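Protein chains in written order, with our numbering: chain A, 1 to 188; chain B, 189 to 299.
In structure tokens:
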């Protein structure tokens with residue numbers, strides 16, 4: 001059905017014959033490594049961090065990360081007092097330009113239904129326990145507004161280079177379900 | 189809230205705040221047709237043929253049974269077809285004929 005649908009659109013000249021292939025190349029070029037680069041830069045460069053929090057999209061474009069869709073990016077900073085979590089309760093909106101495509105669990109009912117109602121229980125299922133005096137903020141994405149979590153820089157990484165820091169930052173930390181730790185680099 | 193009131197207030201996609209099972213931390217690499225389907229969605233959005241929000245509503249209007257039984261990208265491609273039928277850009281006949289043609293070219297292949 002996908003093949004037939006695509007060929008009909010090409011026959012009708014509504015889309016170009018190579019456009020799907022080119023867009024697949026764009027999709028393949030987007031991985032959580034881009035988001036990790038953004039986070040590491042924000043950790044080492046306070047003025048970049050300020051620009052990133054003011055307008056996520058413009059700051060990412062500064063690092064050469066283009067946005068191939070018409071979305072706004074709001075970057076949410078985790079602090080001693082606030083832990084952020086992102087979700088899309090209605091569908092599967094996700095900061096694809098900087099993280100690639102979302103994992104299946106992000107698109108499935110349990111995460112979408114429960115993240116907004118019992119975020120602490122959801123986080124606990126990822127092994128993340130947030131102290132009671134830290135506020136949890138859950139941000140619900142839309143077709144045009146996407147979020148990215150700026151995790152806290154882990155203790156013990158004070159001497160790390162920007163590249164070493166980027167290697168610590170995982171996809172799940174930028175969704176907000178886990179913190180960044182010194183040995184988290186092996187996760188997807 | 190009564191069951192019927194809940195049905196009226198909640199469309200099938202509107203899951204936020206409902207009770208649900210434990211999270212299964214699952215993922216899968218996309219099949220080639222799934223990735224093409226994703227790229228197709230982006231291209232349809234660029235050309236303002238189907239926007240992301242129209243796609244979301246299109247999936248929602250498939251109804252609870254289809255939303256529950258079709259896979260993620262199956263929902264997308266079915267909703268794309270429905271939207272273009274509604275817009276008069278494609279007809280069901282045209283799509284059926286093209287599907288038969290593709291099927292004849294690649295017998296048994298997942299289309």
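Ideal Cβ positions, reconstructed from N, Cα and C, are used throughout, including at glycine.
It should be emphasised that the depicted structure is a prediction, and the values quoted were computed from it without experimental measurement.
Determine the direct distance from the alpha carbon of residue 3 of chain A to that of residue 12 of chain A, and round the result to whole angstroms.
For the purposes of this step, residue 12 of chain A is identified with residue 12 of the first chain, where counting begins at 1. For the purposes of this step, residue 3 of chain A is identified with residue 3 of the first chain, where counting begins at 1. Residue 12 of chain A and residue 3 of chain A: Cα-Cα distance of roughly 14 Å.
Since residue 227 of chain B meets chain A, which of its residues come closer than 7 Å, beta carbon to beta carbon?
Mapped onto the second chain, residue 227 of chain B falls at position 39. Near residue 227 of chain B (Cβ distances below 7 Å), the residues of chain A are 20, 23, 24, 27.
Taking the Cβ atom as the reference point for each residue, do residue 169 of chain A and residue 36 of chain A lie within a distance shorter than 7 Å?
As a first step, residue 169 of chain A is located in the first chain; it is residue number 169 there, counting from the start. As a first step, residue 36 of chain A is located in the first chain; it is residue number 36 there, counting from the start. Going by C-beta atoms, residue 169 of chain A is nearer than 7 Å to residue 36 of chain A.
Which whole-angstrom value describes the C-beta separation of residue 20 of chain A and residue 231 of chain B, a residue pair presumed to lie in contact below a C-beta threshold of 8 Å?
Within the first chain, the letter at position 20 stands for residue 20 of chain A. Within the second chain, the letter at position 43 stands for residue 231 of chain B. About 6 Å separates the two Cβ atoms, so the contact holds.
For residue 1 of chain A, would you say it is in contact with chain B, using Cβ-to-Cβ distances shorter than 7 Å as the test?
For the purposes of this step, residue 1 of chain A is identified with residue 1 of the first chain, where counting begins at 1. For residue 1 of chain A, the answer is yes, since a Cβ of chain B falls inside 7 Å of its Cβ.
Can you tell me the Cα-Cα spacing of residue 10 of chain A and residue 68 of chain A, whole angstroms?
Residue numbering aside, residue 10 of chain A sits at position 10 when the first chain is read from its first letter. Residue numbering aside, residue 68 of chain A sits at position 68 when the first chain is read from its first letter. Going from the Cα of residue 10 of chain A to the Cα of residue 68 of chain A covers about 21 Å.
Tell me which residue opens and which closes the alpha helix (DSSP H) that residue 84 of chain A is part of.
Within the first chain, the letter at position 84 stands for residue 84 of chain A. Residue 84 of chain A -> not in any alpha helix (DSSP H); beta strand (DSSP E) instead, spanning 82-87.
I need the DSSP call for residue 73 of chain A, collapsed to helix, strand or coil.
Here residue 73 of chain A is taken as the residue at index 73 of the first chain, counted from 1. It is a strand residue.
Report yes or no: do three or more beta-carbon pairs, one from the region 74-87 of chain A and one from the region 128-136 of chain A, lie closer than 8 Å?
yes
Taking the beta carbon of residue 22 of chain A as the centre, do at least 16 other beta carbons fall within 10 Å, making it buried, or is it exposed?
Translated into positions along the first chain, residue 22 of chain A becomes position 22. Residue 22 of chain A comes out exposed.
Tell me whether residue 78 of chain A is buried or exposed, calling it buried when 16 or more other Cβ atoms sit within 10 Å of its Cβ.
The residue you call residue 78 of chain A lines up with position 78 of the first chain. Looking at its Cβ environment, which holds 16 or more other Cβ atoms inside 10 Å, residue 78 of chain A is buried.
Apart from the five residues just before and just after residue 72 of chain A, which ones in its own chain have a Cβ nearer than 8 Å to its Cβ?
In the first chain, counting from the first residue as 1, residue 72 of chain A sits at position 72. Once the five neighbours on either side are set aside, the close Cβ partners of residue 72 of chain A are 56, 57, 144, 145, 146.
Kindly indicate which residue of A:101, A:90, A:53 has the alpha-carbon position closest to the one of residue 245 of chain B.
By one-based count along the second chain, residue 245 of chain B stands at place 57. Measuring from the Cα of residue 245 of chain B, the nearest candidate turns out to be A:90.
Measure from the C-beta of residue 95 of chain A to each C-beta in chain B and report whether the shortest distance is under 7 Å.
Counting from 1 along the first chain, the entry for residue 95 of chain A is found at position 95. No, residue 95 of chain A lies away from the interface with chain B (no Cβ there is under 7 Å from its Cβ).
Using a Cβ-Cβ cutoff of 7 Å, what residues of the region 280-296 of chain B are near chain A? List them in chain order.
282, 283, 286, 287, 290
Mind the definition here: the region 209-228 of chain B touches the region 100-117 of chain A only if three or more C-beta pairs lie below 8 Å; say whether that holds.
yes
Where are the alpha helix (DSSP H) runs, 4 residues long or more, that stay fully inside the region 200-239 of chain B, in chain order?
220-234
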